[in-house]
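Novice: Using UniProt numbering, you'd call the opening residue of the sequence shown number 1 and step up by one each time.
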Amino acid sequence: MTRRPYFCQADICTQNMSLDKLRGEIEAVDLEIIKLIKARMDIAIKIAEEKAAVGAPTRDPERVEVVLNQVARQAGLSGIDPGPIRDIFSTLIRMSESLQDKKRGSE
Ligand SMILES: C=C(O[C@@H]1C=C(C(=O)O)C=C[C@H]1O)C(=O)O
């Protein structure tokens with residue numbers, strides 16, 4: 001296969017076309033990830049309301065471990081390195097807890 005230069009100004013440049021197409025696909029996936037993070041945060045707000053009603057603390061370390069172990073296991077089954085997935089979800093959980101604290105502080 002002939003490799004074309006990365007910067008190809010020709011009208012027909014399949015390598016650039018496929019790069020642009022693949023980047024478009026990544027951007028579409030990124031948008032879906034943002035929507036899912038928003039959905040996760042919306043549920044966290046509802047959980048904050050439930051906890052406030054019963055006087056439970058925002059952070060639940062046992063639950064955090066369950067969530068992290070579950071996603072790490074699922075990552076492994078999907079052929080993804082579980083370590084970075086734990087990091088990503090630790091960040092999501094921190095975001096969720098800080099949103100819950102904010103929500104509870106404002107009521
Ligand atoms: C959402 C909850 O609140 C916190 C946030 C969690 C999360 O984002 O997964 C998990 C445990 C809690 O520290 C919960 O208790 O389920």
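Glycine residues also receive a C-beta, built at the ideal position from the N, C-alpha and C atoms.
Consider the C-beta atom of Glu97 and the heavy atoms of ligand 1; say whether any pair is separated by less than 6 angstroms.
Specialist: For ligand 1, at least one heavy atom lies less than 6 angstroms from the Cβ of Glu97.
Novice: Assuming Phe89 and Val67 make a contact with CB atoms under 8 angstroms, what is their CB distance in whole Å?
Specialist: Phe89 to Val67, Cβ: 7 angstroms. Contact.
Novice: Just verifying my parser: in three-state terms, what is the DSSP assignment at Ala56?
Specialist: In this structure, Ala56 counts as coil in the three-state DSSP scheme.
Novice: Where does Gly24 fall in DSSP's three states?
Specialist: Helix.
Novice: Considering only their Cβ atoms, is the gap separating Gln100 from Ala56 smaller than 7 angstroms?
Specialist: No, Cβ-Cβ distance for Ala56 and Gln100 is not below 7 angstroms.
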